[in-house]
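Worksheet: one structure, shown below.
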Amino acid sequence: MEDQAIFYLSEIILAIGHLHKMGIVYRDLKPENILLDTEGHVKLTDFGLSKERVDRDLTHTFCGTIEYMAPEILLRQGHGKAVDWWSLGTLMYDMLSGGPPFSGEDRKKTMESVLRGRFTLAPYLTREAKDLLKGLLKKSVSERLGSGPTDAEEIKRHPFFQAVNWDQVYARQLEPPFKPSLTSETDVSRFDPQFTNENPVESPDDGVPISASECDVFDGFTYVDPKVHISMVRDPWAFDGSSNIRRRRRSGVSSGSSPAYTGNSAMPVPTIHGVPAPHFGSGMGPNYALQGSSGGPGQPFVFAEDFEDMELGSGHGDQVVSPTSAFPTQPFPVPQNRLSRDFFASSRPRNPPTPRQPIPHPPFAASTYHRH
Numbered sequence: 001m002e003d004q005a006i007f008y009l010s011e012i013i014l015a016i017g018h019l020h021k022m023g024i025v026y027r028d029l030k031p032e033n034i035l036l037d038t039e040g041h042v043k044l045t046d047f048g049l050s051k052e053r054v055d056r057d058l059t060h061t062f063c064g065t066i067e068y069m070a071p072e073i074l075l076r077q078g079h080g081k082a083v084d085w086w087s088l089g090t091l092m093y094d095m096l097s098g099g100p101p102f103s104g105e106d107r108k109k110t111m112e113s114v115l116r117g118r119f120t121l122a123p124y125l126t127r128e129a130k131d132l133l134k135g136l137l138k139k140s141v142s143e144r145l146g147s148g149p150t151d152a153e154e155i156k157r158h159p160f161f162q163a164v165n166w167d168q169v170y171a172r173q174l175e176p177p178f179k180p181s182l183t184s185e186t187d188v189s190r191f192d193p194q195f196t197n198e199n200p201v202e203s204p205d206d207g208v209p210i211s212a213s214e215c216d217v218f219d220g221f222t223y224v225d226p227k228v229h230i231s232m233v234r235d236p237w238a239f240d241g242s243s244n245i246r247r248r249r250r251s252g253v254s255s256g257s258s259p260a261y262t263g264n265s266a267m268p269v270p271t272i273h274g275v276p277a278p279h280f281g282s283g284m285g286p287n288y289a290l291q292g293s294s295g296g297p298g299q300p301f302v303f304a305e306d307f308e309d310m311e312l313g314s315g316h317g318d319q320v321v322s323p324t325s326a327f328p329t330q331p332f333p334v335p336q337n338r339l340s341r342d343f344f345a346s347s348r349p350r351n352p353p354t355p356r357q358p359i360p361h362p363p364f365a366a367s368t369y370h371r372h
């Protein structure tokens, strides 16, 4: 059984390592996203939650599947490439034990199980397998196997893979443990009939052009038609300072050289690595909302890249947690529950930072806004 796991884990490690070299964090490693090609080799699928350009800075998006999600994602304290190696550990555990290491009766109990980080190892596992699982499932990112500068190489050197010829793995020269028996390239017999028996239905198209207001609901998607980019330059987004709902400013463009968010300046909020801490609510710290207007009309204070990896709605009434990545405030980990509070108790400051006077952001170049 471990020999089969070694084969699949080896190919997955090379795939994840390649993504990391390209500055991409996969963030959704789980059995459902691992397919086999016609020869029985691994193919990773579903890159909808992947994050690009994560070479040095951390990202703060809450995404993934709870059972395979690293604790730093659950705590929303910022995460990097090491989350993929945690997920590799949960996947390996699933392969060797028949289920993920952390689970509960409901979503909340499962999250608490992940944050505790306690799991049992079956007695039939080899010493090398147990040691690798313990190394990958470290709550502390700095202690987790693969979190160092060598990334995947650190895992490849582990004794669990001592018999692996990585050059042969890369060249797909090893014989897969299982090769699917297919009758043709379009054979879907391995797929659940629940899906293959469905009737394909095309989206209705009456030929009527979509209005500008209807197009607004598609703003923020990963793919944006080039024509939409042009309209963004001509018609930038704006905040009116009275609501957490974005609106378009229909007159003119911003004073910057590229699309920007304009409106009232914001009071600083606690940030983590230059990005606002998770949304605040009752019992979880102070609330800061958009305040007043210190700059001239239409003066840019928040640009498109400030919104990357953030939810625009606070989830707690009408309060707005405004992007303030230009403010060099100190990290302020916010406890989400008792477990996370205990987990980060040693690093949390005693008092929240004192709000400073609103300062308009400097007009630096804006990038396309993506929601992940």
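Each residue of the sequence shown is one higher than the one before, counting from 1 in UniProt numbering.
Each residue gets a CB set at the ideal place from its N, CA and C atoms; glycine is no exception.
- Following the DSSP letters along the chain, one finds LEU133 in no beta strand (DSSP E) but inside the alpha helix (DSSP H) bounded by residues 127-136.
- By a beta-carbon distance limit of 8 Å, ILE66 contacts THR110. Their separation comes to about 5 Å.
- The bridge partners DSSP lists for LEU36 are VAL42.
- Here ASP37 has LYS43 as same chain residues with Cβ atoms under 8 Å from its own Cβ, once five neighbours each way along the sequence are excluded.
- When the five nearest sequence neighbours on each side are left out, the beta carbons in the same chain lying within less than 6 Å of the beta carbon of GLY117 are those of LYS139, in order along the chain.
- Straight through space, the alpha carbons of HIS41 and ASP187 are spaced by roughly 17 Å.
- Taking the CA atoms as reference points, GLU202 sits about 20 Å from GLU214.
- For SER211 and PRO204, the gap between their C-alpha atoms comes out near 16 Å.
- Put simply, the backbone Cα of PHE161 is about 24 Å away from that of GLY80.
- LEU9 and ASP28 do not touch by the CB rule: their CB atoms are close to 17 Å apart, not below 8 Å.
- Going by DSSP, GLU112 is part of the alpha helix (DSSP H) stretching over 107-116.
- Look at the beta carbons and you see the region 3-22 not touching the region 99-107: under three pairs across the two are nearer than 8 Å.
- Per DSSP, ILE24 is not a residue of any alpha helix (DSSP H), being assigned neither H nor E.
- The beta carbon of GLN168 sits closer than 6 Å to those of LEU174, all from its chain and outside the five residues before and after it, given in chain order.
- Nearest neighbour of ALA5 by Cα position, chosen from ARG76, PHE178, ASP192, TRP86, turns out to be PHE178.
- One alpha carbon belongs to ALA82, the other to ASP219, and they sit about 30 Å apart.
- Listed as beta-bridge partners of LYS51 by DSSP are VAL25.
- Bounds of the alpha helix (DSSP H) holding SER213 are 212-215.
- Contact annotation: THR90 and TYR68 have beta-carbon atoms nearer than 8 Å.
- Contact check for ILE13 against LYS134 fails: the beta carbons are separated by 8 Å or more.
- DSSP places VAL83 inside the alpha helix (DSSP H), whose first and last residues are 82-97.
- Under the three-state reduction of DSSP, THR150 is assigned to coil, being neither helix nor strand.
- Relative to the Cα of LEU115, the nearest Cα in the group MET95, ASP151, ALA70, LYS30 belongs to ALA70.
- Here HIS158 carries a coil assignment [DSSP, helix/strand/coil].
- Rounded to whole angstroms, the Cβ separation of ILE16 and TYR26 is 6 Å, and the two are in contact under 8 Å.
- The alpha-carbon separation between LEU136 and GLY146 amounts to approximately 8 Å.
- In the three-state reduction of the DSSP assignment, PHE195 falls in the helix class, which pools H, G and I.
- LYS108 is classed as exposed because its beta carbon has fewer than 16 other beta carbons within 10 Å across all chains shown.
- Excluding its 5 nearest sequence neighbours in each direction, TYR170 has C-beta neighbours in its own chain below 8 Å: LEU14, listed in chain order.
- Between GLU128 and PRO159, the beta carbon gap of about 5 Å places them in contact (Cβ cut-off 8 Å).
- A residue is called buried once 16 or more other Cβ atoms fall within 10 Å of its Cβ, and LEU182, having fewer, is exposed.
- In this structure, the beta-carbon distance from THR126 to GLU2 falls below 8 Å.
- Between PRO176 and GLU39 a beta carbon distance of about 7 Å is seen, short of the 8 Å cut, so the two are scored as contacting.
- With fewer than 16 other Cβ atoms from the protein chains shown falling within 10 Å of its own Cβ, ARG190 counts as exposed.
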